[in-house]
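Heads up: the structure comes next, in structure tokens.
There are 2 protein chains.
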Amino acid sequence: MSKDDSFDVQDFLPYLLNQAAEEGSLGFQTVYKERYGLLRTEWRVLFHLGIYGQMTATEIGTRARIHKTKVSRAVQKLNDRRFVERSRSDSDRRVEWLHLTAAGMSAYNDLSAIAQSYDAALQARFCEADIVVFKRVLRHLARLD
Amino acid sequence: MSKDDSFDVQDFLPYLLNQAAEEGSLGFQTVYKERYGLLRTEWRVLFHLGIYGQMTATEIGTRARIHKTKVSRAVQKLNDRRFVERSRSDSDRRVEWLHLTAAGMSAYNDLSAIAQSYDAALQARFCEADIVVFKRVLRHLARLD
DNA sequence: TGGTAATAGTTGATTTTGTAACTAACAAGG
DNA sequence: CCTTGTTAGTTACAAAATCAACTATTACCA
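Which chain is which? The protein sequence lines are A and B, in order.
Sequential numbering of the first sequence, starting at -15, is according to my numbering.
Sequential numbering of the second sequence, starting at -15, is according to my numbering.
Pasting the structure below:
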């Protein structure tokens, strides 16, 4: 017996978003996990380097809104696996430029191809007009525009 | 230098969903955290009991897709705080019925009221037609319909 | 019956995360 | 130069999530 029938979790946006996000990443998560033993943050860092090329840890953190300690640890792991190389900047020896190795690039290419087809399969479940609206609202909520 | 310019993380649905979900729960998270010292899972369990009334841990886990160990520990904490009471079923002594105490109900009422206005504020940023589409797609992705 | 499997829920060991404090390098004003 | 403040990134310790193994109870069936 509900105390307040006018409220339903399933209409609560943060709840809906969380459920959809979990459901939506589930399938792809197993790919980068089982195929390359990557964690979610590690995959995210890999993708940013694959897409935007050379970046610093801080830049990645700012762009993806990941805390610097999380980025730091992800970079460490990716470096251990020889997916990422670090090089100190000459002009400012605090900053470290990160870029993918050949192995990292190859993992990125493989995963991004899978990501694209995964994404296409997800989007195929809706009509194009709905996807347009959906993504626009998402981007706005995610503060990406 | 990007290897594959046709791909952008910001168009990748799982990524977008995650960012939006994190952004969207951020504000409300501080409410249940600072006001009642609740964790995300604890809040979710509280809400389910507030809305659907008496339930078992397994039912909550199934409906919200939370792992049973997470539910178990959340119920323990909520029970410690006297927000939830447990009672063994007579017909099957493995199952435990959970329901809110008066204190739990009051916390739920308080939080659900805040949740509703928080939700309304989020939704006010878009036109109604967009919200309708958005929620429909979300529900489908979250496999809630 | 008795044996095997299934279900509800808990506990313990290991990983991962979060918070704060830390080192190192730079910047700017006196 | 020195003090103070800021920025890049790491590390230490506590909190939380995860995974597997566990107890207790019921269900199935030969």
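A virtual CB, placed ideally from N, CA and C, is assigned to each residue, including glycine.
**Message:** Can you pull the chain B neighbours of A:Leu106, defined as C-beta to C-beta under 7 Å?
**Reply:** Listed along chain B are Leu(-3), each with a C-beta nearer than 7 Å to that of A:Leu106.
**Request:** Could you round the C-beta distance between A:Thr42 and A:Lys52 to whole angstroms and report it? I think they count as a contact, below 8 Å.
**Result:** With 8 Å as the limit, A:Thr42 and A:Lys52 qualify as a contact, their Cβ atoms being about 7 Å apart.
**Request:** With a cut-off of 8 Å on the beta carbons, I'd call A:Gln3 and B:Ala126 a contact; round off their distance for me.
**Result:** A Cβ-Cβ distance of about 4 Å is found for the pair A:Gln3 and B:Ala126, placing them in contact under the 8 Å criterion.
**Request:** With a 10 Å radius around its C-beta and 16 neighbouring C-beta atoms as the bar for buried, classify A:Leu150 as buried or exposed.
**Result:** Here chain A covers residues -15 to 129 and nothing more, so residue 150 of chain A does not appear.
**Item:** Stretch-stretch touch, CB-based, cutoff 8 Å, three pairs: the stretch 9 to 22 of chain B with the stretch 100 to 117 of chain A
**Value:** Touching, no, given that fewer than three Cβ pairs across the two stretches are closer than 8 Å.
**Prompt:** Who pairs with B:Thr40 in a beta bridge, going by DSSP?
**Reply:** Paired residue(s): B:Trp81.
**Prompt:** In or out: B:Ala105 buried (at least 16 other Cβ within 10 Å) or exposed?
**Reply:** If you draw a 10 Å sphere on the C-beta of B:Ala105, you find fewer than 16 other C-beta atoms in it, and that means exposed.
**Request:** Work out the CA separation of A:Phe(-4) and B:Ile35 for me, nearest whole Å.
**Result:** If I take the Cα positions, the gap works out to 12 Å.
**Prompt:** Hey, A:Val59 and A:Val68 are a contact pair by Cβ (cut 8 Å); roughly how many whole angstroms apart?
**Reply:** Rounded, the Cβ-Cβ distance is 6 Å, consistent with contact.
**Asked** Of all the CB atoms in chain A, is at least one closer than 7 Å to the CB of B:Phe118?
**Response** It does: the Cβ of B:Phe118 has a partner Cβ on chain A nearer than 7 Å.
**Message:** Using CA atoms only, rank isn't needed, just tell me which of A:Ser75, A:Arg28, A:Val121 and A:Gly8 is closest to A:Ser56.
**Reply:** Checked all of A:Ser75, A:Arg28, A:Val121 and A:Gly8; the closest Cα to A:Ser56 is A:Arg28.
**Message:** With a threshold of 7 Å between beta-carbons, can A:Ser71 be considered close to chain B, or not?
**Reply:** Contacts with chain B at 7 Å (Cβ-Cβ) do not include A:Ser71.
**Prompt:** If you follow the beta strand (DSSP E) that B:Arg120 is part of, which residue opens it and which one closes it?
**Reply:** Run containing B:Arg120: none in the beta strand (DSSP E); it sits in the alpha helix (DSSP H), Glu112 to Leu125.
**Message:** Measuring only the C-alpha atoms, how far is A:Thr40 from B:Ala91?
**Reply:** Looking at the two C-alpha atoms, the distance is approximately 44 Å.
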